[in-house]
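J.: Numbering (UniProt numbering), first residue to last: 1 to 151. For glycine and all other residues, C-beta sits at the position ideal for the given N, C-alpha and C.
1) Mind the definition here: the region 44-56 touches the region 80-91 only if three or more C-beta pairs lie below 8 Å; say whether that holds.
2) Using the Cβ count rule (16 or more neighbours within 10 Å means buried), how would you classify residue 113?
3) Residue 63 to residue 82, Cα distance in whole Å?
4) Please name the residue or residues paired with residue 85 in a DSSP beta bridge.
5) Check the DSSP bridge columns for residue 77 and list the partner residues they point to.
6) Count the C-beta pairs between the region 25-39 and the region 100-116 that are closer than 8 Å, then say yes if the count reaches three, no if not.
7) In this structure, does DSSP put residue 13 in helix, strand or coil?
8) Residue 140 and residue 132 - do their beta-carbons sit closer together than 8 Å?
9) Any idea if residue 93 is buried or exposed, counting beta-carbon neighbours within 10 angstroms, 16 or more meaning buried?
10) Let me know the secondary structure DSSP gives residue 32 once reduced to three states.
Put into structure tokens, the structure is as follows:
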């Protein structure tokens, strides 16, 4: 992926995030051969629930390995992402997924309370992600029900 040092439009930022999602959904490699980790700056930070804060590409790669070891397949529903654009380096994306976790399958909305809905806040500049904070329920297979009396 080529890196440019110029201002970016919201559409360019969306394109970076969309390409990253496609690579992640494709086992970590984009259709052009770009590894998902290469969409991140060397000093990027990435937060994922129940994992914590990864600082730098090497820690983000470890987070991806840890998470990837539990997910057999995932599909981000890119056709229905809600984009929150700010005209700055910050943007947010809200969407749904389905897939297969080592503990079982999931699909957003099935059941309604379970995994599959997510929101992530990104900072994208110079065609790289510098910050990604993911907000979702990491209990993909919906097994953690005993602690919640309303389920």
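T.: The answer reads as follows:
1) no
2) exposed
3) 25 Å
4) DSSP lists 91 as partners of residue 85.
5) In the DSSP output, where bridge partners are listed per residue, residue 77 has none listed.
6) The count of Cβ pairs closer than 8 Å, one atom from the region 25-39 and one from the region 100-116, stays below three, leaving the stretches out of contact.
7) helix
8) No.
9) buried
10) In the displayed model, residue 32 falls within coil according to three-state DSSP, outside both helix and strand.
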